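Keeping their order, the protein sequence lines are chains A and B.
For the first sequence, position 67 matches number 109 in this note's numbering, and the numbering has no gaps at all.
For the second sequence, position 70 matches number 85 in this note's numbering, and the numbering has no gaps at all.
The beta carbon of each residue, even a glycine, is placed where N, CA and C say it ideally should be.
As the structure is a computational prediction, the values presented were derived from the model and not from experiment.
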Amino acid sequence: MSSLARSATLRDAIGLGLAVGLYGAAFGAAADAAGLDVWQAMAMSVLMFTGASQFALVGVLGAGGSAPAAIGSALLLGTRNTVYGVRLVPLLRPRGAPVRAATAHWVIDETTALALAAPDRRLARLAFVAGGATIYLTWNATTVAGALGAAALGETARAGLDAVVPAAFLALLWPRLRRSFPGAEVQRRVALGGAVVALALTPVAPPGVQVLAAAVAVVLAGRPGRRRPGRRDAPDPEPGPGEGRS
Amino acid sequence: MSGTALWAVVLAASLGCYLLKLAGLSVPAAWVDQPWVARVVDVVPAALLAALVVVQAATAGNDVVLDGRLVGLAVAAVALAFRAPFIVVLLLAGLAGAGVAVLSG
């Protein structure tokens, strides 16, 4: 492989890793706002390491949600990574159980996008490893910073933090609603449906359950077997482990 | 939720998410290339995130509550429409939320 292609791959991977750091700080702050301590926030970034699921879990807990609702939301979003793994196997060819087990931990939106975008298989592996390492380190470091920073806030600043959390979810959702997103029309209908179901269930459902119910309702509302025009095999290369912006 | 219960949630969800990742590398592709999997993967993020936006911005427990969070959300939406960077969106929303808290005493 040319050294030019190699350094371009490394540059993309490291640049993306650094950009993702901001989302780690937002996650750390959201975890604190939801009542998790710094160790629990850290454990999530170390062990779960998939941004969307992490955000969803603290979002449901922050709303007073039960353990099953929180875990269910995280797992629903985690199904994306299963599909990514299937796409990555031919590229990365992880051989042997230990390699496969280690590779699996870094299968997220960003590393998948980096590996799929690489021009050949060797560069795909390089992109996956370099991107995975950079994002893993940055995401974990900024999680700690965000959680400690939020824990140190005074009362007025906490009111600000309460407003930051829904804004963070909106920022994660926003790219899916843009016209340039594949199947944006479907995504907009889905988002509206999810919001309406969640709001309608709020007075009657146990707190947090309306979030999970909204996702389940929207999935069930889709016609079985219909292939949506907006279906993507590869995620956006932006930002936040696993969640990307989704 | 107690600290122990929170730890149980954190660890159980982490294990589950890891197993979902591992499954993608381990099971035959045909198992995963199912219409229902594609449907879940395609629509769940938007539905879940939109639900979380609403719940985080406008509810407390079983009540719909309108406060500074909603003002922050509106500010964030405007900032996003102008393609402001993530950090700017969050800072503006936080300032708006804190501002409302100060004004309303």
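Exposure of residue i, with buried meaning 16 or more beta-carbon neighbours within 10 Å
i: P100/B; result: exposed
i: P140/A; result: exposed
i: R98/B; result: exposed
i: P249/A; result: buried
i: L133/A; result: buried
i: G173/A; result: buried
i: A257/A; result: buried
i: S119/B; result: exposed
i: V69/B; result: buried
i: D204/A; result: buried
i: R54/B; result: buried
i: V117/B; result: exposed
i: S222/A; result: exposed
Residue i versus residue j: straight-line alpha-carbon distance, rounded
i: V52/B; j: V115/B; result: 43 angstroms
i: A169/A; j: W181/A; result: 17 angstroms
i: L88/B; j: A237/A; result: 14 angstroms
i: G267/A; j: A255/A; result: Legend: pLDDT at G267/A = 46, less than 50; position of this residue unreliable, value from coordinates given subsequently. Looking at the two C-alpha atoms, the distance is approximately 21 angstroms.
i: R48/A; j: L165/A; result: 7 angstroms
i: Q252/A; j: L64/B; result: 12 angstroms
i: R230/A; j: F97/A; result: 20 angstroms
i: L95/B; j: V104/B; result: 7 angstroms
i: A76/A; j: A193/A; result: 11 angstroms
i: T184/A; j: A83/A; result: 11 angstroms
i: D275/A; j: L241/A; result: Unreliable placement is indicated for D275/A, whose pLDDT of 49 sits below 50; the coordinate value is still reported in the next sentence. Taking the straight line joining both Cα atoms gives about 31 angstroms.
i: E285/A; j: L78/A; result: Residue placement at E285/A is poorly supported in this model, since its pLDDT is 44, which falls under 50; the coordinates still yield a value, given next. One C-alpha to the other measures close to 20 angstroms.
i: P60/B; j: N123/A; result: 12 angstroms
i: G76/B; j: S87/A; result: 27 angstroms
i: V90/B; j: A209/A; result: 9 angstroms
i: T51/A; j: T153/A; result: 12 angstroms
i: V93/B; j: I150/A; result: 29 angstroms
i: E197/A; j: V42/B; result: 50 angstroms
i: A259/A; j: A199/A; result: 36 angstroms
i: A226/A; j: L262/A; result: 19 angstroms
i: V80/A; j: V24/B; result: 15 angstroms
i: A55/A; j: L179/A; result: 13 angstroms
i: L99/A; j: G138/A; result: 32 angstroms
i: A85/A; j: A160/A; result: 31 angstroms
i: P224/A; j: L58/A; result: 22 angstroms
i: S44/A; j: D162/A; result: 11 angstroms
i: V86/B; j: A247/A; result: 25 angstroms
i: R167/A; j: A27/B; result: 30 angstroms
i: V228/A; j: S115/A; result: 21 angstroms
i: A175/A; j: G104/A; result: 30 angstroms
i: L81/B; j: W22/B; result: 31 angstroms
i: L195/A; j: V62/A; result: 23 angstroms
i: G127/A; j: L46/A; result: 28 angstroms
i: G191/A; j: A72/A; result: 11 angstroms
Distance CB(residue i)-CB(residue j) smaller than 8 angstroms
i: G31/B; j: I177/A; result: no
i: G112/B; j: R84/B; result: yes
i: D74/A; j: A187/A; result: no
i: V79/B; j: A73/B; result: yes
i: G235/A; j: A20/B; result: no
i: L158/A; j: R129/A; result: yes
i: V125/A; j: V56/B; result: yes
i: L219/A; j: A233/A; result: yes
i: L40/B; j: P136/A; result: yes
i: V239/A; j: A66/B; result: yes
i: G202/A; j: V58/B; result: no
i: S29/B; j: L89/A; result: yes
i: L64/A; j: I102/B; result: yes
Flag this pair as touching only if the segment 133 to 147 of chain A and the segment 100 to 119 of chain A have three or more C-beta atom pairs under 8 angstroms; answer yes or no.
By the Cβ criterion, the segment 133 to 147 of chain A is not in contact with the segment 100 to 119 of chain A, since fewer than three pairs of Cβ atoms, one from each stretch, lie closer than 8 angstroms.
Taking 8 angstroms as the threshold, find out whether the segment 30 to 45 of chain B comes into contact with the segment 54 to 69 of chain A through three or more Cβ pairs.
They do not touch, by the three-pair rule.
Below 8 angstroms, can you find three or more Cβ-Cβ pairs linking the segment 203 to 215 of chain A to the segment 85 to 102 of chain A?
At 8 angstroms Cβ cutoff, the stretches touch.
Take every Cβ of the segment 94 to 111 of chain A, pair it with every Cβ of the segment 40 to 58 of chain B, and state whether three or more of those distances are shorter than 8 angstroms.
When Cβ pairs closer than 8 angstroms are counted between the two stretches, the segment 94 to 111 of chain A is seen not to touch the segment 40 to 58 of chain B, the count staying below three.
Contained alpha helix (DSSP H) runs [length at least 4] in the segment 162 to 245 of chain A, N- to C-terminal order:
Correct list: 163 to 193, 197 to 219, 226 to 243.
Quick one: complete alpha helix (DSSP H) runs, 4+ long, within the segment 85 to 138 of chain A?
Correct list: 93 to 104, 109 to 134.
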